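Asker:
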Amino acid sequence: MKLYALCRRDILLAWRGTGAGLAMGFFFIAIMFLPFGIGADLQFLRTLATGFIWVALMLAVLLSLEQMFQSDIEDGSFDQLLLGGVALEWVIIAKALAHWLGIILPLILFAPLAGLLLNISPQALMFMLFVLLAGSPALSFLGIMGAALAAGIARSGLLAALLVMPLYVPILIFGNTGLARALNGQTLAYEIIILLLLGLASMCLSPLAAAAALRARLK
Amino acid sequence: MEQADFTIGARVRLRGQNIGCARAGRPIFEGVTFTLTNGDIVTITGANGSGKTSLLRIIAGLLPMTDGQFIWDAENIPKRQNTAKSQQGAPLQKSRQQSISTICHFIAHQNAVKGQLQVRENLAFWANWFGAPMNIAKLDELLQRVGLLGQADILASDLSVGQAKRLALARLFIVPRALWLLDEPLAGLDEEGRQWLEEIARAHLAQGGLICVATHERLSLPSTILKLDSGTRDPHKRQRDHV
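In order, the protein sequences belong to chains A and W.
Those letters in the first sequence? Residues -1 to 217, by my numbering.
Those letters in the second sequence? Residues 4 to 246, by my numbering.
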């Protein structure tokens, strides 16, 4: 109940504040700029599309990391969250879940639209949706680790993005090869499994790491 | 393990012994000793930077102390006639954060109010978070109590400083907790708000609650003064005069 309330509040704040809107706006602007940038070569566009969708998605997510803890720490909410009798690890899981539901999931649901803009065939859009969904939980859970490490520092968003960037690389690699193979009509079983594994591993480990980072900050 | 009873009215005693604190490697205060029992209020005073807020945060378990210890003595008020013997308090050393968090309310300088949420939504969230979910009627009753019923539907960012402070103070009534830690609670409050605060503080003490308040202004409540007086100006000369 407590965690549900926290999750709900964070989603609400993401949409009423700048978090979700900024990520969404950034994602679509980046996607829309690409065709203008590379010209009218449709085949080339399609080759670039998969990788570019991942890159745009990740940059949009990195942009949203700062809000995970910063405003809570600044306005004193974080102290109150600690006084609620809930272990910090659960707070982090709830916040990561809220980030995924509030910011990443809407981005992914609109990604087929972005795919159409980049000349991905309509039949392949469904596969794209699956691959993005499989890879996305890890984005939230790895992201919150960086956000926790950088929390409370001025310009924490930039630091968090730098810390998280290398951790996103495996997701980018497997996500992109998976997506490219799906678009060529091949099966994509093993990439999906690896993406899901990365997601599960980050779900288990990153709350512990993030909690340790935030506890260290208290000192 | 038997759980000590920290509900309001239960007989408790909080002793801080030789509490020391350092920020950024520099000692702020040390050797702070105080005792709080039911109905006691301690006013923490001191110059800017003398560590008033730090002391409150240490008591709340939000900041580690460099020295000293807290001892909670709790005695269960016998529900029936048998006289319960006093038991040494909760195992605070082991997991101070978890155990102390259910005993105290901390009203910090920052209000923990989200500007993008309505006043009622703010309160509803904290009610859920502190484990006492409230329906709209109950929320409105509480808002009436702190004088914000007329502002229930506006965004909290549109509140004045004093109104936001009242919203923060409303958290005190979500769940009853024995120890109130108030950091400059009068900041931004008008004369009426000030009287109201003294009134609720008096009522809390009368119920057997405990209050630690850090403030520059005197509350018109009979209280023990704990003066933090060291550190910032001359780190080598630290006094140990505390109550």
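All C-beta atoms, glycine included, are put in the ideal place defined by N, C-alpha and C.
Here the structure is a predicted model, which is why all the values come from computation and not from measurement.
Within the same chain, show all residues whose beta-carbon is closer than 7 Å to that of G100 (chain A), passing over the 5 residues directly before and after it, in chain order.
Answerer: Along the first sequence, one-based indexing puts residue 100 (chain A) at 102. Only D8, I9, A12, W13, A18 meet the Cβ criterion.
Asker: Do the stretch 169 to 183 of chain W and the stretch 105 to 123 of chain A touch if we need at least three Cβ pairs shorter than 8 Å?
Answerer: Judged by Cβ distances under 8 Å, the stretch 169 to 183 of chain W makes no contact with the stretch 105 to 123 of chain A, as fewer than three pairs qualify.
Asker: Write down the C-beta distance between L137 (chain A) and L147 (chain A) rounded to the nearest angstrom, noting that I regard them as a contact closer than 8 Å.
Answerer: Counting from one through the first sequence, the residue named residue 137 (chain A) turns up at place 139. Counting from one through the first sequence, the residue named residue 147 (chain A) turns up at place 149. So it is not a contact: roughly 16 Å between Cβ atoms.
Asker: Classify I31 (chain W): buried if its beta carbon has 16 or more other beta carbons within 10 angstroms, exposed otherwise.
Answerer: For the purposes of this step, residue 31 (chain W) is taken as residue 28 along the second sequence, with counting starting at 1. It is buried - the Cβ of I31 (chain W) has at least 16 other Cβ atoms within 10 Å.
Asker: Closest to R6 (chain A) by C-alpha separation, out of A:L114, A:G144, A:M30, A:H97, would be which residue?
Answerer: In the first sequence, the residue the question calls residue 6 (chain A) occupies position 8. Checking every option, the nearest Cα to that of R6 (chain A) belongs to A:H97.
Asker: Taking Cβ positions only, does P188 (chain W) come closer than 8 Å to chain A?
Answerer: Along the second sequence, one-based indexing puts residue 188 (chain W) at 185. Judged by the 8 Å Cβ criterion, P188 (chain W) is not in contact with chain A.
Asker: Quick one: which chain W residues come within Cβ less than 9 Å of M22 (chain A)?
Answerer: Reading the first sequence from its first residue, position 24 is the one you call residue 22 (chain A). Here the premise fails: no neighbours, minimum Cβ distance about 17 Å.
Asker: Between A:F25, A:M126, A:C202, A:I190, which has its C-alpha nearest L55 (chain A)'s C-alpha?
Answerer: Along the first sequence, read from residue 1 onward, the residue named residue 55 (chain A) stands at position 57. Nearest C-alpha to L55 (chain A): A:F25.
Asker: Would DSSP call A25 (chain W) helix, strand or coil?
Answerer: Here residue 25 (chain W) refers to the residue found at position 22 of the second sequence. A25 (chain W): strand per DSSP, three-state reduction.
Asker: List the endpoints of the continuous alpha helix (DSSP H) containing L66 (chain W).
Answerer: Translated into positions along the second sequence, residue 66 (chain W) becomes position 63. No alpha helix (DSSP H) holds L66 (chain W); DSSP gives it neither H nor E.
Asker: State the Cα-Cα distance for the pair D143 (chain W) and T105 (chain W), rounded to the nearest angstrom.
Answerer: To locate residue 143 (chain W), count along the second sequence from 1; it is residue 140. To locate residue 105 (chain W), count along the second sequence from 1; it is residue 102. Going from the Cα of D143 (chain W) to the Cα of T105 (chain W) covers about 25 Å.
Asker: Within the same chain, show all residues whose beta-carbon is closer than 6 Å to that of M4 (chain W), passing over the 5 residues directly before and after it, in chain order.
Answerer: For this step, residue 4 (chain W) is matched to residue 1 along the second sequence. Caution is warranted here: a pLDDT of 33 is assigned to M4 (chain W), below 50, making its placement in the model unreliable, and the coordinate value is therefore given only provisionally. Result list for M4 (chain W): empty, nothing under 6 Å.
Asker: Give the DSSP-derived three-state secondary structure of E64 (chain A) in the structure shown.
Answerer: By 1-based counting over the first sequence, the position of residue 64 (chain A) is 66. It is helical.
Asker: Leaving out five residues before and five after A132 (chain A) in sequence, what residues of the same chain have Cβ atoms less than 6 Å from its Cβ?
Answerer: The residue labelled residue 132 (chain A) in the question sits at position 134 within the first sequence. The residues are I190, L193, L194.
Asker: Reducing DSSP to helix, strand and coil, say where K0 (chain A) ends up.
Answerer: Taking the first residue of the first sequence as 1, we reach residue 0 (chain A) at position 2. Three-state result, K0 (chain A): helix.
Asker: Using three-state DSSP, classify V167 (chain A) as helix, strand or coil.
Answerer: Translated into positions along the first sequence, residue 167 (chain A) becomes position 169. Three-state result, V167 (chain A): helix.
Asker: By the three-class DSSP mapping on this structure, what secondary structure does G49 (chain W) have?
Answerer: Position 46 of the second sequence, counted from the first residue, corresponds to residue 49 (chain W). Residue state, collapsed to three classes: strand.
Asker: Helix, strand or coil for K141 (chain W)? Go by DSSP, reduced to three states.
Answerer: Residue numbering aside, residue 141 (chain W) sits at position 138 when the second sequence is read from its first letter. If DSSP states are grouped into helix, strand and coil, K141 (chain W) belongs with the helices.
Asker: I'd like the list of long-range same chain contacts for N131 (chain W), defined as Cβ closer than 7 Å, with 5 residues on each side in sequence excluded.
Answerer: As a working note, residue 131 (chain W) is residue 128 in the second sequence. So the list is empty, once near-sequence residues are dropped.
Asker: Who pairs with W75 (chain W) in a beta bridge, going by DSSP?
Answerer: In the second sequence, counting from the first residue as 1, residue 75 (chain W) sits at position 72. According to DSSP, which records beta bridges pairwise, W75 (chain W) is partnered with W:L17.
Asker: So, are the CB atoms of S53 (chain W) and L229 (chain W) less than 8 Å apart?
Answerer: On the second sequence, residue 53 (chain W) is found 50 positions in, with the first residue counted as 1. On the second sequence, residue 229 (chain W) is found 226 positions in, with the first residue counted as 1. Cβ atoms of S53 (chain W) and L229 (chain W): not closer than 8 Å.
Asker: Between W:L145, W:M137, W:E202, W:K168, which lies nearest to G118 (chain W) when the distance is taken from Cα to Cα?
Answerer: Within the second sequence, residue 118 (chain W) is the residue found at index 115, counting from 1. If we check each option's Cα against that of G118 (chain W), W:K168 comes out closest.
Asker: Which whole-angstrom value describes the C-beta separation of W183 (chain W) and I214 (chain W), a residue pair presumed to lie in contact below a C-beta threshold of 8 Å?
Answerer: In the second sequence, residue 183 (chain W) corresponds to position 180, counting from 1. In the second sequence, residue 214 (chain W) corresponds to position 211, counting from 1. Going by Cβ atoms, the distance from W183 (chain W) to I214 (chain W) rounds to 5 Å, so yes, they are a contact pair.
Asker: Can a CB atom of chain A be found closer than 8 Å to the CB of W183 (chain W)?
Answerer: Numbered from its first residue, the second sequence carries residue 183 (chain W) at position 180. No, because no Cβ of chain A sits closer than 8 Å to the Cβ of W183 (chain W).
Asker: By DSSP's criteria, V216 (chain W) is part of a beta bridge. Which residues make up the other side?
Answerer: Position 213 of the second sequence holds residue 216 (chain W). Beta-bridge pairing links V216 (chain W) to W:T46, W:L185.
Asker: Flag this pair as touching only if the stretch 45 to 52 of chain A and the stretch 164 to 180 of chain A have three or more C-beta atom pairs under 8 Å; answer yes or no.
Answerer: Touching, yes, given that three or more Cβ pairs across the two stretches are closer than 8 Å.
Asker: Can you list, in chain order, the residues of its chain whose CB lies under 7 Å from that of Q154 (chain W), leaving out five sequence neighbours each side?
Answerer: On the second sequence, residue 154 (chain W) is found 151 positions in, with the first residue counted as 1. Cβ within range, chain order: V122, L162, Q166.
Asker: Only counting runs of 4 or more residues, tell me where the alpha helix (DSSP H) segments fall wholly within the stretch 144 to 182 of chain W, in order along the chain.
Answerer: Entirely contained in the stretch 144 to 182 of chain W, the alpha helix (DSSP H) runs reaching 4 residues are, in chain order, 164 to 172.
Asker: Would A111 (chain W) and D77 (chain A) qualify as a contact pair, given that the criterion is a beta-carbon distance under 8 Å?
Answerer: Numbered from 1 along the second sequence, position 108 holds the residue referred to as residue 111 (chain W). Numbered from 1 along the first sequence, position 79 holds the residue referred to as residue 77 (chain A). Yes; because the gap between Cβ atoms is below 8 Å, this pair is in contact.
Asker: May I have the straight-line CA-CA distance separating I29 (chain A) from V59 (chain A), to the nearest angstrom?
Answerer: For the purposes of this step, residue 29 (chain A) is identified with residue 31 of the first sequence, where counting begins at 1. For the purposes of this step, residue 59 (chain A) is identified with residue 61 of the first sequence, where counting begins at 1. In a straight line, the C-alpha of I29 (chain A) is about 14 Å away from that of V59 (chain A).
Asker: Secondary structure at A133 (chain A), three-state DSSP: helix, strand or coil?
Answerer: Position 135 of the first sequence holds residue 133 (chain A). Reading the sequence as shown, one finds Gly at residue 133 (chain A) and not Ala. Correct three-state label for G133 (chain A): helix.
Asker: Check for me: the alpha helix (DSSP H) holding L231 (chain W) runs from which residue to which?
Answerer: Taking the second sequence and counting its residues from 1, the one referred to as residue 231 (chain W) is at position 228. Careful: L231 (chain W) lies outside any alpha helix (DSSP H), inside the beta strand (DSSP E) at 227 to 231.
Asker: According to the Cβ coordinates, are S75 (chain A) and A115 (chain W) closer than 8 Å?
Answerer: Numbered from 1 along the first sequence, position 77 holds the residue referred to as residue 75 (chain A). Numbered from 1 along the second sequence, position 112 holds the residue referred to as residue 115 (chain W). Result yes, Cβ atoms of S75 (chain A) and A115 (chain W) sit closer than 8 Å.
Asker: Output, in chain order, the set of chain A residues within a Cβ distance shorter than 9 Å of V116 (chain W).
Answerer: Mapped onto the second sequence, residue 116 (chain W) falls at position 113. Ordered by position in chain A, the residues that pass the 9 Å Cβ test against V116 (chain W) are D73, G74, S75.
Asker: Spell out a yes or no on whether the stretch 83 to 90 of chain A and the stretch 200 to 208 of chain A are touching, meaning 3 or more CB-CB pairs, one atom from each, closer than 8 Å.
Answerer: A contact exists between the stretch 83 to 90 of chain A and the stretch 200 to 208 of chain A.
Asker: I'd like the list of long-range same chain contacts for M126 (chain A), defined as Cβ closer than 8 Å, with 5 residues on each side in sequence excluded.
Answerer: As a first step, residue 126 (chain A) is located in the first sequence; it is residue number 128 there, counting from the start. Same-chain partners within the cutoff: T48, I51, A109, P110, G113, I118, L177, A180, L181.
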